[in-house]
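Asker:
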Amino acid sequence: MATLAVKNQTKLSIKRQTLAALIAIVAAVIVPQVFHVMGAMSGLGTSLGETFLPMHLPILLVGLLAGPYAGASAGLLGPLVSFVLTGMPGSVMLPFMMIELCAYGLFAGLLRNVPLPTITKVLFTQVGGRLVRAAAILIAVYAFGNESISIAVIWNSVLTGIFGLALQWTLIPLILYRVENRNIK
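So this is what it looks like as structure tokens:
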């Protein structure tokens, strides 16, 4: 039966991939707002979003569930739609978030049918996405002379987001396990 589930995963229609990407984009707008509201209520401001990386969750999930096209498009458009509707992420970080989350969705989607434990797929995706983001920041600073961002943001984002990375290690395998078991039944 597990083989049947993998076969069914490989044949998602364009309609289902598009729907999955749209749901992920909506979640990439709503879930961070929940964290920002909780941060505002607790006096922490936007730091909960920076700490728990809530926009990453739906992007990783859609890549792992619906493939690289849905993952990459949701990763690219999620931060942009969020910026247009809520002003977050900030305009300085927007292009880097779009690049990073596009990479997250793409890498997660490419690993979708690879026979690895989900936690390993998440780790590979996180490393790949963060490396792409770091490369984009380095290019912006050194090749284009962007002075609105510091190279220190590369390391600071990893340190600040460590709880979010751990949240992804925990939640994504649990959610995927639940989804896969529901599909088998």
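Just so we're aligned, residue 0 is where the sequence shown starts under numbering that gives the first Met the number 0, counting upward by one. Quick reminder that beta carbons are idealized off the backbone N, C-alpha and C, glycines included. Every value quoted in this text rests on a predicted model; they were computed, and no experiment measured them.
Would Ala19 and Ala71 qualify as a contact pair, given that the criterion is a beta-carbon distance under 7 Å?
Answerer: no
Asker: What is the DSSP secondary structure of Glu179, reduced to helix, strand or coil?
Answerer: helix
Asker: Alpha carbon to alpha carbon, how far is Ile98 from Leu115?
Answerer: 25 Å
Asker: Sorted by chain position, which residues of the same chain lie with C-beta nearer than 6 Å to Met96's C-beta, five sequence neighbours on each side aside?
Answerer: Pro78, Pro88
Asker: For Val36, which three-state DSSP category applies?
Answerer: helix
Asker: What did DSSP end up calling Leu109 once you bin it into helix, strand or coil?
Answerer: helix
Asker: Tell me where the alpha helix (DSSP H) around Asn155 begins and ends.
Answerer: Per DSSP, Asn155 belongs to the alpha helix (DSSP H) from 151 to 159.
Asker: For the alpha helix (DSSP H) containing Gly77, list its first residue and its last residue.
Answerer: 67 to 85
Asker: Might you give, ordered along the chain, the residues of its own chain that have their beta carbon closer than 6 Å to the beta carbon of Pro53, omitting 5 neighbours on each side?
Answerer: Closer than 6 Å at Cβ, skipping near neighbours: Val30, Pro31, Phe34.
Asker: Report back the beta-carbon spacing between Ala102 and Val61 to the nearest angstrom; my notes put them in contact at under 8 Å.
Answerer: So it is not a contact: roughly 14 Å between Cβ atoms.
Asker: Kindly indicate which three-state DSSP category Glu49 falls into: helix, strand or coil?
Answerer: helix
Asker: For Leu109, which option in Gly128, Ile153, Ile150 has the closest C-alpha, if you only look at C-alpha atoms?
Answerer: Gly128
Asker: Run the CB neighbour count on Lys6, radius 10 Å, all protein chains shown included, and call it buried at 16 or more, exposed below.
Answerer: Unreliable placement is indicated for Lys6, whose pLDDT of 42 sits below 50; the coordinate value is still reported in the next sentence. So Lys6 counts as exposed.
Asker: Check whether the Cβ of Gly128 lies closer than 7 Å to any Cβ atom in chain B.
Answerer: The structure shown contains no chain B; it holds only a single protein chain.
Asker: Among residues of its own chain, excluding the 5 on either side of Phe162, which ones have a beta-carbon nearer than 7 Å to its beta-carbon?
Answerer: Thr50, Phe51
Asker: Return the CA-CA distance between Thr45 and Ala39, expressed in angstroms with no decimal places.
Answerer: 7 Å
Asker: What does the alpha-carbon distance come out to for the pair Ser147 and Leu47?
Answerer: 23 Å
Asker: Buried or exposed for Asn169, going by 16 or more other Cβ atoms inside 10 Å?
Answerer: Here residue 169 is Thr; the residue named in the question, Asn, does not match the sequence. Classification for Thr169: exposed.
Asker: Pull up the distance between the alpha-carbon of Met0 and that of Gly104, whole angstroms please.
Answerer: For Met0, the predicted model reports a pLDDT of 35, less than 50, meaning its position is unreliable; a value from the coordinates is still stated below. Distance between the alpha carbons of Met0 and Gly104: 27 Å.
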